[in-house]
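Enquirer: Let me begin by handing over the structure; questions about it come next.
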Amino acid sequence: SDNQTITDCQIDPKWSHRRSNIINENQFELLIQIDIEPYSLKEYTIHADATKKSCPLSKIQYVDEKQIQTNLSTPFKIELIDAKTFEIDNRVFSIIFSKNGAILNVQHKKFDEKLHFHADLISYGTLRESDHHSGAYLFIPDGEARFIPMSDCDFIRIQQGPLVSRVVINHKLYGLQYKLTNTIGSNDNLIHISTITHLDMNKDTELALRLSTGIKNEREFFTDLNGFQMIRRKTYDKLPLQGNVYPMPTMAYIEDDYMRLNILAGQPSGAACLKTGKNSTGCIFVFEVIDSSFAKVTFSSRQAFLQIKVNEHCVVDVFLDRRLTRDDGRGLGQGILDNREVISTFKILFESRHKIVDRTAQTGYPTLLAHHLSIELLYPLHIFNLLASKIFFNEL
Numbered sequence: 002s003d004n005q006t007i008t009d010c011q012i013d014p015k016w017s018h019r020r021s022n023i024i025n026e027n028q029f030e031l032l033i034q035i036d037i038e039p040y041s042l043k044e045y046t047i048h049a050d051a052t053k054k055s056c057p058l059s060k061i062q063y064v065d066e067k068q069i070q071t072n073l074s075t076p077f078k079i080e081l082i083d084a085k086t087f088e089i090d091n092r093v094f095s096i097i098f099s100k101n102g103a104i105l106n107v108q109h110k111k112f113d114e115k116l117h118f119h120a121d122l123i124s125y126g127t128l129r130e131s132d133h134h135s136g137a138y139l140f141i142p143d144g145e146a147r148f149i150p151m152s153d154c155d156f157i158r159i160q161q162g163p164l165v166s167r168v169v170i171n172h173k174l175y176g177l178q179y180k181l182t183n184t185i186g187s188n189d190n191l192i193h194i195s196t197i198t199h200l201d202m203n204k205d206t207e208l209a210l211r212l213s214t215g216i217k218n219e220r221e222f223f224t225d226l227n228g229f230q231m232i233r234r235k236t237y238d239k240l241p242l243q244g245n246v247y248p249m250p251t252m253a254y255i256e257d258d259y260m261r262l263n264i265l266a267g268q269p270s271g272a273a274c275l276k277t278g279k280n281s282t283g284c285i286f287v288f289e290v291i292d293s294s295f296a297k298v299t300f301s302s303r304q305a306f307l308q309i310k311v312n313e314h315c316v317v318d319v320f321l322d323r324r325l326t327r328d329d330g331r332g333l334g335q336g337i338l339d340n341r342e343v344i345s346t347f348k349i350l351f352e353s354r355h356k357i358v359d360r361t362a363q364t365g366y367p368t369l370l371a372h373h374l375s376i377e378l379l380y381p382l383h384i385f386n387l388l389a390s391k392i393f394f395n396e397l
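Counting from 2, one number per residue, gives the positions in the sequence shown under this note's numbering.
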C-alpha cells in the first residue's frame, strides 16, 4: 500500500440475499473509491478510528408503506415516498421513475437534453400444439413478445448515497436494478443495469430486456463477433422473428446522425431489433405505440399547444434467460429444466455523434471510451479479504 487515505466512502445495508428486502442487522456493505493502475496489486486496511469522521450512510426509500420492515433496529434512515415519481441522479444523468418502477425520463445534464429511453422486461412463449417448438437449440416463439406488468412487483427500493444510487425492483420472475455512480470518473457516464432471474416454473418462458430509445436507426444495429470486431445487422420482414436474432458476445450499439447508444454486456447473449415504433410528441400528450394492439399514453401539462411531431424510435431486445419443458429433437433428449440463478449485467452508454452515419459500411467500431468500459466489465477487479485480530500499522 502507498498509505493512501480513503476519503470517499459510503455504507449500505447488507441484505439477507440478493432479492431480499430483509436487512442483516449485523453486517454492512462498505463502498470506497480507489485508484488502481493496470496489472497492479494494492492493499487497503479497514479499521475503527474514533477520531475520524465516519462514512455517510445511504438513505433508503420505499414507494409502498407495506414494503417497509417494522420493528427494525437499524442506523439507516428509512422513508416513504409520497410523490407520484422519484429520482436518482449524478453529475451526468437524472433519471425519473414512476411509482411502479418504470423509467419516465432520462435527462443528460451535460447536453441539457432529454433522452428517450425506457427499459421493460418481456417474455416469449413457444408453440404448444406442435412438434416444431423451442428447445435447447431452437428458438421458435409463439408470436410477439408480451410485456411483464411491473404492477406485480414485490417491492421497489431506492438507495441513495454520495457514491452510488440504486433503484431495486423485485418481481416474482426477476430482480432488476438501475445504478448511477458519482465518482468523478468515466463510470458516471453510464446507466448500470443488472438483472437476476431464476426460472423454476413448469412453463415455457424466455425472458428478455427490451430497451426503447428515440434513435432513428432504420432497423439496423451492430453486434460484435467474439469481441474482435463490430458487424452491421439488419432486420428483415421476410424472415421469421427468430431469424432476426443475432449473437451479442460482448456489446451492441445503435446509432443515427446525432446519438449512439452502446449496450455493453458482461456475459454473452442474443440481441434483436425487431420493432420500430413511433413516438408522437407535441401539444398535450406523449403517445407511444408499442405495437398494433397495444399503446401507452402519458399526459404532460408542461408542453404548449403548438405543433405535433412524429418520430420513429428503436426497440432493442437483449435475451436474459430461458426455461423450456420439451426437447427440440436436436440431440439433447430433454428440455432446459436445470435453471439456476442467473445474474446479467449491462452498461448503457450514450454518446453524441458529430458526423453523418455511413449506412453502407458493413463494419463499425466502438469508441475508445466504450472499448475501455467494456474491458472493465469483462475483466473486473479481483478482491481478496483477510480478517485479522491484530493489525500492526508499522508494517503497512
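Note that CB positions come from ideal geometry on N, CA and C, so glycine has one too.
Going by C-alpha distance, which of Ser59, Ile141, Ile89 is nearest Phe77?
Expert: Looking up residue 77 in the sequence shown gives position 76. Comparing Cα positions, the closest option is Ser59.
Enquirer: In the DSSP assignment, what residue or residues form a beta bridge with Tyr247?
Expert: Translated into positions along the sequence shown, residue 247 becomes position 246. BP columns for Tyr247 point to Ala272.
Enquirer: With DSSP as the reference, label Lys67 as helix, strand or coil.
Expert: Locating residue 67 in the sequence shown gives position 66, counting from the first residue. Helix, per DSSP.
Enquirer: Could you name the residues that DSSP lists as bridge partners for His193?
Expert: Here residue 193 refers to the residue found at position 192 when the sequence shown is read from its first residue. Lys180, Lys348, per the DSSP bridge assignment.
Enquirer: Over what stretch of residues does the beta strand (DSSP E) that includes Ala266 continue unbroken?
Expert: Start at 1 with the first residue of the sequence shown, and residue 266 comes out as number 265. Counting along the chain, the beta strand (DSSP E) containing Ala266 begins and ends at 260 to 266.
Enquirer: Would Ile197 pass as a contact of Ile349 if the rule is Cβ separation under 9 Å?
Expert: Locating residue 197 in the sequence shown gives position 196, counting from the first residue. Locating residue 349 in the sequence shown gives position 348, counting from the first residue. Contact: no.
Enquirer: Suppose the cutoff is 7 Å on Cβ atoms and the five residues either side in sequence are ignored; what does the same chain contact list for Asp153 look like?
Expert: Against the sequence shown, residue 153 aligns to sequence position 152. Hits under 7 Å: His172, Lys173.
Enquirer: Is Met151 helix, strand or coil when you go by DSSP?
Expert: By one-based count along the sequence shown, residue 151 stands at place 150. Met151: helix per DSSP, three-state reduction.
Enquirer: Ile185: which of Gly144, Phe94, Ala137 sits nearest, CA to CA?
Expert: Locating residue 185 in the sequence shown gives position 184, counting from the first residue. Cα-wise, what sits closest to Ile185 is Phe94.
Enquirer: So what does Val319 bridge to, in DSSP terms?
Expert: Position 318 of the sequence shown, counted from the first residue, corresponds to residue 319. Partner(s): Leu210, Ala272.
Enquirer: Closest to Ser74 by CA distance: which of Lys235, Asp328, Ile61, Glu26 is it?
Expert: The sequence position of residue 74 within the sequence shown is 73, counting from 1. Comparing Cα-Cα distances from Ser74 to each of Lys235, Asp328, Ile61, Glu26, the minimum goes to Glu26.
Enquirer: For Phe351, tell me which candidate among Asp155, Gln108, Glu44, Leu333 has the shortest Cα-Cα distance.
Expert: For the purposes of this step, residue 351 is taken as residue 350 along the sequence shown, with counting starting at 1. Comparing Cα positions, the closest option is Gln108.
Enquirer: Out of Ile47, Ile61, Val246, which has the shortest C-alpha to C-alpha gap to Ser55?
Expert: For the purposes of this step, residue 55 is taken as the residue at position 54 of the sequence shown. Of the listed residues, the one whose Cα sits closest to Ser55 is Ile47.
Enquirer: So, are the CB atoms of Phe320 and Glu207 less than 9 Å apart?
Expert: Walking along the sequence shown from the start, residue 320 turns up at place 319. Walking along the sequence shown from the start, residue 207 turns up at place 206. It is a contact, given that the beta carbons lie within the stated cut-off.
Enquirer: Counting C-beta neighbours from all protein chains within 10 Å, is the total for Asn386 16 or more, i.e. buried, or is it exposed?
Expert: Numbered from 1 along the sequence shown, position 385 holds the residue referred to as residue 386. Under this definition Asn386 is an exposed residue.
Enquirer: When you compare each of Gly244, Ile337, Ile35, Gln34 to His199 by their alpha carbons, which one comes out closest?
Expert: The residue labelled residue 199 in the question sits at position 198 within the sequence shown. Nearest C-alpha to His199: Ile337.
Enquirer: Under the three-state reduction of DSSP, which class applies to Asn340: helix, strand or coil?
Expert: Against the sequence shown, residue 340 aligns to sequence position 339. It is coil, neither helix nor strand.
Enquirer: On the DSSP letters alone, give me the boundaries of the beta strand (DSSP E) that Glu114 sits inside.
Expert: By 1-based counting over the sequence shown, the position of residue 114 is 113. Start and end: 114 to 116.
Enquirer: Using the DSSP secondary-structure output, state which residues sit across from Phe98 in a beta bridge.
Expert: If you number the sequence shown from 1, residue 98 lands on position 97. DSSP, once it has assigned bridges, lists Phe87, Ile104 as partnering Phe98.
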